[in-house]
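Novice:
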């Protein structure tokens with residue numbers, strides 16, 4: 010149980026285009042989902058926290074107009090990287106916290122490798 | 008400044024021995040601490056959580072200790088196996104539910 014999927018697993022796009030990444034909790038409802046990015050050999054950096062039906066809370070330094078997050082249902086959150094540039098190339102990982110539990114339990118997705126040419 | 012430090016160098020351990028990984032933190036007062044395993048190109052997989060009022064937690068071959076005075080957690084894998092080779096991340100959970108990750112330690116179990 011407690012499976013989180015991400016789609017796509019890899020995406021290559023041209024500079025200036027937008028890319029949408031989906032995060033789904035497959036067998037549980039997630040009141041809260043988190044989006045992280047990870048650079049090679051670096052720790053995961055929290056980008057934003059999204060709660061179903063409300064606006065995401067972004068961490069300091071993360072541009073909310075560039076990284077659009079939508080948490081439309083208890084099983085789906087999307088991250089859209091708008092007008093992507095090569096510096097946005099990174100590994101993006103989502104996690105989901107079960108509805109019934111507290112946020113000290115997070116289940117991570119497999120990640121999405123974004124490469125912007 | 009706030010820091011989470013894990014062994015930056017890769018750790019090479021002979022199969023069958025106990026691997027011990029360290030996580031030290033500065034200027035945090037975590038409510039709990041977690042350890043994750045991450046394989047290349049994959050998301051982290053949760054292993055263990057230990058709360059501030061707990062000294063030790065065990066799960067099968069894994070053991071975690073948490074010393075809030077030393078501001079340190081140790082993660083042990085006993086009877087290590089080559090399949091245990093991965094990067095291990097520690098993460099601090101703050102009282103506002105924010106989790107902060109360390110950079111991880113790469114562990115190699117040598118057959």
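Residue numbers (this note's numbering), protein chains in the order written: chain W, 10 to 126; chain V, 8 to 118. Backbone N, C-alpha and C define an ideal beta-carbon position, used for all residues, glycine too.
#1: So, do the stretch 76-89 of chain V and the stretch 24-35 of chain W have three or more beta carbon pairs nearer to each other than 8 Å?
#2: Grouping DSSP H, G and I as helix and E and B as strand, with all else coil, what is residue 17 of chain V?
#3: I need the straight-line Cα distance from residue 53 of chain V to residue 92 of chain V, nearest angstrom please.
#4: Taking the alpha-carbon positions, what's the residue 106 of chain V to residue 76 of chain W distance?
#5: Note down, in chain order, each residue of its chain lying with its Cβ closer than 7 Å to the Cβ of residue 71 of chain W, except the 5 sequence neighbours on either side.
#6: Using the C-alpha atoms, what's the distance from residue 87 of chain W back to residue 83 of chain V?
#7: Taking the CB atoms as reference points, tell me whether residue 90 of chain W and residue 28 of chain W lie closer together than 8 Å.
#8: Relative to the C-alpha of residue 73 of chain W, which candidate in W/92, W/84, W/51 and W/104 has its C-alpha closest?
#9: Can the beta-carbon of residue 11 of chain V be found closer than 8 Å to that of residue 109 of chain V?
#10: For my contact list, residue 48 of chain W and residue 99 of chain W are in at a C-beta cut-off of 8 Å; report their separation, rounded to the angstrom.
#11: For residue 117 of chain W, decide whether its Cβ has a neighbour in chain V, counting only Cβ atoms nearer than 8 Å.
#12: Does residue 23 of chain V pass the burial test, meaning 16 or more other C-beta atoms within 10 Å, or should it be called exposed?
#13: What residues in its chain sit with their C-beta under 7 Å from that of residue 118 of chain V, if we drop five residues either side in the sequence?
#14: What residues in the stretch 47-75 of chain V bring their beta carbon closer than 8 Å to a beta carbon of chain W?
#15: If you draw a straight line from the alpha carbon of residue 41 of chain W to that of residue 119 of chain W, how long is it in whole angstroms?
#16: Which residue wins for smallest C-alpha separation from residue 99 of chain V, given the options V/66, V/63, V/73 and V/27?
#17: If the criterion is Cβ atoms closer than 8 Å, does the pair residue 131 of chain V and residue 75 of chain V meet it?
Specialist: Taking the structure as given:
#1: Cβ pair count under 8 Å is below three, so no.
#2: On the second chain, residue 17 of chain V is found 10 positions in, with the first residue counted as 1. Coil, per DSSP.
#3: Position 46 of the second chain, counted from the start, is the residue given in the question as residue 53 of chain V. Position 85 of the second chain, counted from the start, is the residue given in the question as residue 92 of chain V. If I take the Cα positions, the gap works out to 15 Å.
#4: Numbered from 1 along the second chain, position 99 holds the residue referred to as residue 106 of chain V. Numbered from 1 along the first chain, position 67 holds the residue referred to as residue 76 of chain W. So the two alpha carbons sit approximately 20 Å from each other.
#5: By one-based count along the first chain, residue 71 of chain W stands at place 62. Same-chain partners within the cutoff: 56 and 57.
#6: As a working mapping, residue 83 of chain V is identified with position 76 in the second chain. As a working mapping, residue 87 of chain W is identified with position 78 in the first chain. Each residue's Cα considered, the two are about 36 Å apart.
#7: Working through the first chain from its first residue, we reach residue 90 of chain W at position 81. Working through the first chain from its first residue, we reach residue 28 of chain W at position 19. In this structure, residue 28 of chain W lies closer than 8 Å to residue 90 of chain W by Cβ.
#8: Taking the first residue of the first chain as position 1, residue 73 of chain W is located at position 64. Measuring from the Cα of residue 73 of chain W, the nearest candidate turns out to be W/92.
#9: Taking the first residue of the second chain as 1, we reach residue 11 of chain V at position 4. Taking the first residue of the second chain as 1, we reach residue 109 of chain V at position 102. In contact: residue 11 of chain V and residue 109 of chain V (Cβ atoms closer than 8 Å).
#10: If you number the first chain from 1, residue 48 of chain W lands on position 39. If you number the first chain from 1, residue 99 of chain W lands on position 90. Yes, they are in contact, since the Cβ atoms of residue 48 of chain W and residue 99 of chain W sit about 6 Å apart, within 8 Å.
#11: Here the question's residue 117 of chain W lines up with position 108 in the first chain. Chain V contact via Cβ: present.
#12: Within the second chain, numbered from 1, the residue matching residue 23 of chain V stands at position 16. So residue 23 of chain V ends up on the exposed side.
#13: The residue you call residue 118 of chain V lines up with position 111 of the second chain. Here the set comprises 22 and 89.
#14: 48, 49, 50, 51, 52, 53 and 56
#15: Residue numbering aside, residue 41 of chain W sits at position 32 when the first chain is read from its first letter. Residue numbering aside, residue 119 of chain W sits at position 110 when the first chain is read from its first letter. Each residue's Cα considered, the two are about 17 Å apart.
#16: One-based indexing of the second chain puts residue 99 of chain V at position 92. The shortest Cα separation from residue 99 of chain V among V/66, V/63, V/73 and V/27 belongs to V/73.
#17: No information on residue 131 of chain V is available, as it lies outside the stretch 8 to 118 that chain V covers here.
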